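What follows is one structure encoded as structure tokens, with my remarks underneath.
Residue numbers (the numbering used here): 91 to 416.
Structure, rendered in structure tokens:
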């Protein structure tokens, strides 16, 4: 007898917003202001342009799918690039060719670059990760753009036997905008681009990619999905996270695109034995986020009673995450 259930279909919203500011050189310090950001209960200040009046961009669903795929492959299979990738890049399309703003820690005079500030919020029990990418060009260059593109990468700390490794995704485009503007030789350019992952339940924080950032917060995991366990209660065991019920970890995933969303499915299979009358499933997820701490949570579901008389039962549960771009 095979019993199937989808525990949850969690929808994590991936939103992007962007704005462009061009100012006269003498107004440099009128635009940059100290802004307070939060990582839970801790505040820190950064020098950046105002973050209001951001306009909608387009999430690159194909790029985001590649990004999620690489991150989860690093996590589950402990394989991928161990060579550091740059945290971020903005590409400005101009008639004369592309202008690349590459990652740097700070905004400086007579330079080009992009920096990343992270804000981590917890509201109503769910998590939001906000990434403020601030691009700048304070050189004497002049050009007119037709499109902006945002490229990002992720960093994950894993364990392979007794050897600790850090894995990186490629630098991947996840958003773009057809916003056009002209930068003159006597002006400075600033681009504020916000990417946020919203509505993340605690037990799925570890399965949501964490992008590289100035605050140096990144994901830490262990191999083979052993931080994520499903427990199957047959009515005769301790049905808690860490209990003695029949259990199974995450061993892999399936990723595909549906309209403007990325669907990630995590199948879980466990042989239960005979005599099962009512079956409940408890999924427990726990991860350690460097710079934030341990995050854990759980969700549960009840399976309909299986047909009696089977020799043994196999339960197949699916955790589904929908990354919905907007």
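For glycine and all other residues, C-beta sits at the position ideal for the given N, C-alpha and C. If you're wondering where the values come from, they're calculated on a predicted model, not measured in any experiment.
Item, Value
"Cutting at 8 Å between CB atoms, please list the residues of its own chain near residue 380, excluding the five before and the five after it.", "247, 306, 307, 308, 309, 310"
"To the nearest angstrom, how far is the alpha carbon of residue 179 from that of residue 197?", "14 Å"
"Expressed to the nearest angstrom, what Euclidean distance is found between the alpha-carbon atoms of residue 260 and residue 301?", "11 Å"
"Under DSSP, the beta strand (DSSP E) around residue 340 begins and ends at which residues?", "Looking at the DSSP string, residue 340 is not in any beta strand (DSSP E), and its letter there is neither H nor E."
"Less than 7 Å between C-beta atoms, sequence neighbours within five positions excluded: which residues of the same chain meet that for residue 342?", "166"
"Quick check: what's the CA-CA separation for residue 298 versus residue 276?", "42 Å"
"Can you tell which of 143, 227, 117, 361 has the C-alpha that lies nearest to the C-alpha of residue 336?", "361"
"Taking the alpha carbon of residue 128 as the point to measure from, which residue in 184, 142, 212 has its own alpha carbon closest?", "212"
"Start and end of the alpha helix (DSSP H) containing residue 193?", "Note, residue 193: premise wrong, no alpha helix (DSSP H); not H, not E."
"Since residue 106 contacts residue 149 with CB under 8 Å, what's their CB separation in whole angstroms?", "5 Å"
"With 16 as the cutoff for other CB atoms within 10 Å, does residue 209 come out buried or exposed?", "buried"
"Which one or two residues does DSSP pair with residue 208 in a beta bridge?", "221"
"Using only the alpha-carbon positions, how far apart do residue 159 and residue 177 sit?", "17 Å"
"Would you call the CB atoms of residue 229 and residue 201 closer than 8 Å?", "yes"
"Just the C-alpha distance for residue 321 and residue 329, rounded to the nearest angstrom, thanks.", "7 Å"
"Just list the alpha helix (DSSP H) runs in the region 126 to 199, keeping only unbroken ones of 4 residues or longer that don't cross its boundaries, in chain order.", "151 to 167"
"For residue 252, which of helix, strand or coil comes out of DSSP?", "Any answer about residue 252 is weak, because its pLDDT of 41 lies below 50 and its placement is not dependable; what the coordinates show is given next. Correct three-state label for residue 252: coil."
"Alpha carbon to alpha carbon, how far is residue 136 from residue 119?", "13 Å"
"Can you list, in chain order, the residues of its chain whose CB lies under 6 Å from that of residue 384, leaving out five sequence neighbours each side?", "378"
"State yes or no: is the C-beta of residue 410 within less than 8 Å of the C-beta of residue 99?", "yes"
"Can you tell me whether residue 164 is buried or exposed, with buried defined as 16 or more other CB within 10 angstroms of its CB?", "buried"
"In the DSSP output, which residue or residues are listed as bridge partners for residue 293?", "Answer by DSSP bridge pairing: none, since residue 293 is not bridged."
"Identify, in the order they occur along the chain, each residue of the same chain with its Cβ nearer than 6 Å to the Cβ of residue 280, setting aside the five sequence neighbours on each side.", "111, 139, 226"
"In whole angstroms, give me the CA-to-CA distance for residue 413 and residue 234.", "33 Å"
"Given that a residue counts as buried once 16 or more other Cβ atoms are within 10 Å of its Cβ, and exposed if not, what is residue 344?", "exposed"
"Return yes when the Cβ of residue 288 is within less than 8 Å of the Cβ of residue 266, no when it is not.", "no"
"Given a cut-off of 8 Å on the beta-carbon distance, is the pair residue 290 and residue 374 in contact?", "no"
"Cβ atoms of residue 108 and residue 154: under 8 Å apart, would you say?", "no"
"Judging by CA-CA distance, which residue of 296, 203, 340, 415 is the nearest neighbour of residue 350?", "415"
"Buried or exposed, going by whether 16 or more other CB atoms sit within 10 Å of the CB of residue 215?", "exposed"
"Based on the DSSP secondary-structure assignment, which residues constitute the bridge partners of residue 269?", "None, per the DSSP bridge assignment."
"Taking the alpha-carbon positions, what's the residue 104 to residue 174 distance?", "25 Å"
"Buried or exposed, going by whether 16 or more other CB atoms sit within 10 Å of the CB of residue 254?", "exposed"
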